[in-house]
Amino acid sequence: NDPNEMSVERIKNEIAFRESGMYENDNPYDTIGEETGDLGKYQVSPETLDFWSKRFIGRKVLPDEFLNTPALQEKFMESEIRHLESLNAKKLESFLVLHNKGWGDVSTARINREKQDPGVQKYINNVRFPKSQSLFVNNK
């Protein structure tokens, strides 16, 4: 088994750990990115939520509802992963690059280009800020 090929659950956990400190945070679902305003366990931008929620959830979801409904966040992320899989993202590294840098062009050439970015390399390699230097605020 290639450790870079992952199940949906494993990909979700890898993204959540990097995005909201899933294992450091009592309730990662109500996390708001202090600098970005990104939402929840998977740090979905408000713009992404606005644009994709109708397709992924079946209706427009507002940020407050998203933050307060873990099941919506899980469904949204599972849908994102399935969407990226349909565009031929197959490896964990590809999912991490696309989640971090946006989905626009999902070509192998773009993914390879983006992987050269030092910030993306840190993200892929799971370099995190210590809890005392967290970039997140708790919503409640």
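Count along the sequence shown starting at 1, add 16, and that's the number in my numbering. Cβ atoms here follow ideal geometry from the backbone N, Cα and C, with glycine treated the same way. In this text, all values refer to a predicted model and were calculated from it rather than measured experimentally.
Beta-bridge partners assigned by DSSP to LEU55: ILE48 and VAL60.
Per the coordinates, the alpha-carbon of ASN43 lies some 16 angstroms from the alpha-carbon of VAL60. The alpha-carbon of ASN141 is positioned some 20 angstroms away from that of LEU100. Here SER102 is exposed, its C-beta having fewer than 16 other C-beta atoms within 10 Å. Going by C-alpha positions, GLY49 is about 7 angstroms away from LEU55. Around GLN89, the same chain offers TYR45, GLY56, LYS57, TYR58 and PHE82 as residues with beta carbons nearer than 7 angstroms, after the five sequence neighbours per side are excluded. A direct Cα-to-Cα measurement between GLY53 and LYS117 gives close to 16 angstroms. In this structure, the CA atom of LYS107 is about 18 angstroms from the CA atom of ASP133. Sequence-distant partners of ARG75 (beyond 5 residues in either direction) whose C-beta falls short of 8 angstroms from its own C-beta, in its chain, are SER69.
Taken in chain order, the complete alpha helix (DSSP H) segments of 4 residues or longer contained in the region 79 to 120 are 79 to 83, 86 to 102 and 108 to 117.
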